[in-house]
Amino acid sequence: MSNAQGRVVKKKKKKKQAIGPLSLGEKVVHVGSTLSDRQFTVHEDLVCTGSEVFKTWFQPTRRPIDGQCPICYVELDPTHADLTFCRGMCGHNLHTRCWETWANEQAHPKCPMCRTGWMEPEDEKTACQIGVNPDALQTYVGWLYSRKIVLTTVGSPMPERIGLCNLYTHAEKLEDPRFQNAIMALIITPSLWNLTGPPTAVVEAVFNHKIISEPLRNLLVDLKLRRIRERNLQASWFKNNASSYPSGFVGGIAHALLNNEEIPTTLFELKKKYLLDDEDE
């Protein structure tokens with residue numbers, strides 16, 4: 522992704538495991554922020570399905586969930602039966618009940634696929650801390666279960682707008698495209714912005730290093746450009762308003778106008794440009 526001058530939005534595409542929001546699994550882990558001592562308990566399969574960061578920590582060798590259970594040869598479907606997996610090198614998935622039956626018949630249980638001794642999660646692997654704002658992490662954990670985003674900031678619309686932008690920046694660190702898309706969809710909601718486009722306070726928060734996110738910067742430029750072109754204010758805006766905005770924002774608008782860049786004009790086009798590609802959506 523380039524800077525505001527190039528304004529190119531590259532979408533990430535990641536293959537996600539097919540575990541739905543109701544497929545929780547039986548193991549729980551603890552996730553926390555290095556910025557505080559708060560910890561949150563969450564089902565391991567649920568958090569590892571979405572976040573690449575947590576999957577790399579808790580389930581680095583696990584394979585995508587597809588195909589048949591190597592014990593009963595029934596298709597693996599986490600919405601119908603709990604699954605477990607070999608934490609050794611092979612990472613194969615199998616039904617939890619099948620594994621328990623298999624293990625009870627052996628003095629020293631081994632994985633039916635790679636034949637290595639069955640490994641349980643190490644104690645230090647049941648907790649993970651990352652450098653994310655604890656409130657943002659709490660919002661993420663809540664969203665995993667409810668698919669609803671509840672901000673801790675309440676009151677006037679302005680804190681909500683800035684809060685969503687701030688949350689998106691932290692969501693980028695979690696590397697969960699579905700969570701990022703849920704936030705971005707709320708940010709794009711027309712009711713958040715007035716007829717003049719994004720308010721100065723929001724632009725300042727995003728461009729003046731309080732919130733650093735390339736997609737958000739490009740989005741705010743697009744939203745403002747849309748209003749400028751709709752009202753034919755290309756010349757007068759720079760004369761009357763540019764001095765009130767951060768230089769990076771003004772530069773992005775100037776570059777787009779000089780190059781006659783096409784910008785999204787509908788909600789559908791905005792979402793198509795700024796929502797990340799995700800195969801499970």
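Letter by letter, the sequence shown follows residues 522 to 802 of this note's numbering.
Backbone N, C-alpha and C fix where the C-beta goes; we use that ideal spot for every residue, glycine too.
All values reported here derive from a predicted model rather than from experimental measurement.
Open item on the list: I'd like to check one pair, Cys611 with Cys632: are the Cβ atoms closer than 9 Å?
Closed with: Yes.
Task: Inter-residue spacing [alpha-carbon to alpha-carbon] between Asn687 and Glu621 - done: Approximately 45 Å, taken between the alpha carbons.
Task: Whole-angstrom distance between Val653 and Asn753, CA atom to CA atom - done: Straight-line Cα distance between these residues: approximately 41 Å.
- [ ] Take the Cβ of Leu543 as the centre, count every other Cβ of all protein chains shown within 10 Å, and call the residue buried at 16 or more, exposed below.
- [x] Note that Leu543 scores 49 on pLDDT, short of 50, meaning its location in the model is unreliable and no value can be drawn from it.
Task: Best match in Cys569, Glu573, Glu547, Leu567 for proximity to Lys694 [C-alpha to C-alpha] - done: Comparing Cα-Cα distances from Lys694 to each of Cys569, Glu573, Glu547, Leu567, the minimum goes to Glu573.
TODO: Measure the alpha-carbon distance for Leu567 versus Val552 and round it to whole angstroms.
DONE: Pairing Leu567 with Val552, the inter-Cα distance amounts to about 12 Å.
Task: Same chain, Cβ closer than 7 Å to Leu778, five either side skipped, listed in chain order - done: These residues qualify, in order along the chain: Gln755.
Task: Per-residue burial, Thr637 [other beta carbons within 10 Å of its own, 16 or more giving buried] - done: So Thr637 counts as exposed.
Task: Given Gly769 as reference, the closest of Glu643, Asn729, Lys576 once Cα atoms are compared - done: Considering only Glu643, Asn729, Lys576, the residue with the shortest C-alpha distance to Gly769 is Asn729.
Task: Nearest-angstrom Cα separation, counted from Trp639 out to Cys590 - done: Computed Cα separation, rounded: 16 Å.
TODO: Assess, as a yes-or-no matter, whether the region 580–594 is touched by the region 548–563 under the definition of 3 or more beta carbon pairs within less than 8 Å.
DONE: Flag = no, the region 548–563 and the region 580–594 do not touch.
Task: For Leu615, the first and last residue of its enclosing beta strand (DSSP E) - done: In the DSSP assignment, Leu615 falls within the unbroken beta strand (DSSP E) covering 614–616.
Task: Cβ neighbours of Leu545 in the same chain (closer than 6 Å, five flanking residues each side left out) - done: Within the same chain, Cβ atoms closer than 6 Å to the Cβ of Leu545 are found at His564, Leu567, the five residues on either side in sequence being excluded.
TODO: Determine the closest residue to Phe700 out of Thr570, Lys548, Asn781, with distance taken between C-alpha atoms.
DONE: When only C-alpha atoms are compared, the closest one is Thr570.
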